[in-house]
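Take a look at the structure below.
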Amino acid sequence: MRRTLTILGVASVALVALDVILGLWVTPPDADQGELVRLVYLHPALAWVALYLAFGMAALCAVLYLWPRTRSMRFDRLSASAVEVGVVFIGLTLITGSIWGRPTWGVWWTWDARLTSTALLGVLFLGYLALRRVPADPEVRARRCAIAAIFAAVDVPIVHFSVVWWQTLHQGATVLNPNLTPTIHGLMAWTLLLSFIAFTTLFAWMVLMRFQIEELRESGEDVELTRALEARRAEGVAS
Amino acid sequence: MNAYVAAGYVISLGTLGAYGFSLAIRLHRASKRGRREVSS
Numbered sequence: 161m162r163r164t165l166t167i168l169g170v171a172s173v174a175l176v177a178l179d180v181i182l183g184l185w186v187t188p189p190d191a192d193q194g195e196l197v198r199l200v201y202l203h204p205a206l207a208w209v210a211l212y213l214a215f216g217m218a219a220l221c222a223v224l225y226l227w228p229r230t231r232s233m234r235f236d237r238l239s240a241s242a243v244e245v246g247v248v249f250i251g252l253t254l255i256t257g258s259i260w261g262r263p264t265w266g267v268w269w270t271w272d273a274r275l276t277s278t279a280l281l282g283v284l285f286l287g288y289l290a291l292r293r294v295p296a297d298p299e300v301r302a303r304r305c306a307i308a309a310i311f312a313a314v315d316v317p318i319v320h321f322s323v324v325w326w327q328t329l330h331q332g333a334t335v336l337n338p339n340l341t342p343t344i345h346g347l348m349a350w351t352l353l354l355s356f357i358a359f360t361t362l363f364a365w366m367v368l369m370r371f372q373i374e375e376l377r378e379s380g381e382d383v384e385l386t387r388a389l390e391a392r393r394a395e396g397v398a399s
Numbered sequence: 016m017n018a019y020v021a022a023g024y025v026i027s028l029g030t031l032g033a034y035g036f037s038l039a040i041r042l043h044r045a046s047k048r049g050r051r052e053v054s055s
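Structure below.
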């Protein structure tokens with residue numbers, strides 16, 4: 161595990177650094193957007209990680225936890241790890257989108273369907289993290305959180321299709337559009353692809369670290385509980 | 016460089032860097048504590 165974490169860490173830092181170099185200094189400015197196009201090498205990749213990887217993984221692990229045949233506390237821990245990392249990424253998605261929107265649309269924020277459903281998704285998963293802090297038996301907490309994760313993840317397809325279902329200010333998909341005809345090409349397309357790979361690797365590294373912390377914490381609590389039980393038994397024998 | 020672009024990159028990379036660093040520190044502390052508990 162330690163070796164995997166080191167490899168993922170080095171790879172993600174190198175890939176993100178390459179994405180930044182290409183995005184800021186090598187790719188040309190866009191004909192319409194000018195220099196602002198450079199935010200495209202951040203924003204869509206951050207949204208991809210938050211929406212599809214983090215919250216998709218959280219929902220999948222929640223289903224696996226609730227399914228009696230696959231029930232394991234490891235799925236609960238993995239789900240919680242993915243949500244925590246996902247909340248960081250969705251926060252950055254909203255911030256970078258807002259920074260791009262100010263010079264492009266003239267406003268920092270608008271109640272557009274895509275923006276509103278994304279913000280709602282962030283709030284729902286913040287609620288999930290709050291629910292995890294409510295004191296309860298670990299199994300009860302895991303069940304509650306799994307239901308909350310599935311409930312919150314219902315918003316993911318709404319965010320995805322919001323630009324198709326409603327007349328929105330937010331543009332439609334550039335690469336994964338309904339006709340599957342990418343409207344970006346050349347070095348810009350490769351840099352965009354690299355940004356997706358780089359942030360996916362970074363996500364994997366962060367989730368794995370977060371998961372390891374949770375595993376160590378749980379095993380530490382088990383050791384403490386065993387010691388406390390042994391101490392009580394010893395007291396019983398002495399008296 | 017455009018100020019909006021610079022702000023976007025600084026905020027994103029700064030946040031991810033800080034969060035990644037905090038995870039690494041927390042993991043280091045948790046494994047140190049785990050080793051100590053096992054040895055005692």
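If you read the protein sequences in the order shown, they are chains A and B. In this text, residue positions in the first sequence follow this note's numbering: the first is 161, and each later residue adds one. In this text, residue positions in the second sequence follow this note's numbering: the first is 16, and each later residue adds one. Ideal placement from N, C-alpha and C gives every residue a C-beta, glycine not left out.
- The C-beta of B:V25 comes no closer than 8 Å to any C-beta of chain A.
- Contact of A:L284 with chain B by beta-carbon distance below 7 Å is absent, the smallest such distance being about 20 Å.
- Listed in chain order, the non-local C-beta contacts of A:T256 below 8 Å within the same chain comprise L199, L202, H203, L206, local neighbours out to five positions each way being set aside.
- Counted as a single uninterrupted DSSP element, the stretch harbouring A:V314 is not any alpha helix (DSSP H), since DSSP gives it neither H nor E.
- For the pair of segments examined, the region 209-216 of chain A was found not to touch the region 368-384 of chain A: the number of CB pairs separated by less than 8 Å stays below three.
- Contact fails between the region 220-236 of chain A and the region 347-367 of chain A, because fewer than three Cβ pairs, one in each stretch, are under 8 Å apart.
- Taking a contact as a CB-CB distance under 8 Å, the pair A:S355 and A:D179 counts as one, their CB atoms being some 5 Å apart.
- Residue environment: A:G261 is assigned as buried (16 or more neighbouring CB atoms within 10 Å of its CB, all protein chains considered).
- For chain B, the residues of the region 241-256 of chain A that bring a beta carbon within less than 7 Å of one of its beta carbons are V248, L252, I255, T256, in chain order.
- M369, R370, Q372, I373, L376, R377, S379, G380: these are the residues of the region 368-381 of chain A whose beta carbon lies less than 7 Å from some beta carbon of chain B, given in chain order.
- Listed along chain A are M366, each with a C-beta nearer than 7 Å to that of B:G35.
- Sequence-ordered contacts of the region 188-201 of chain A with chain B read G194, E195, L196, R198, L199 [C-beta pairs closer than 8 Å].
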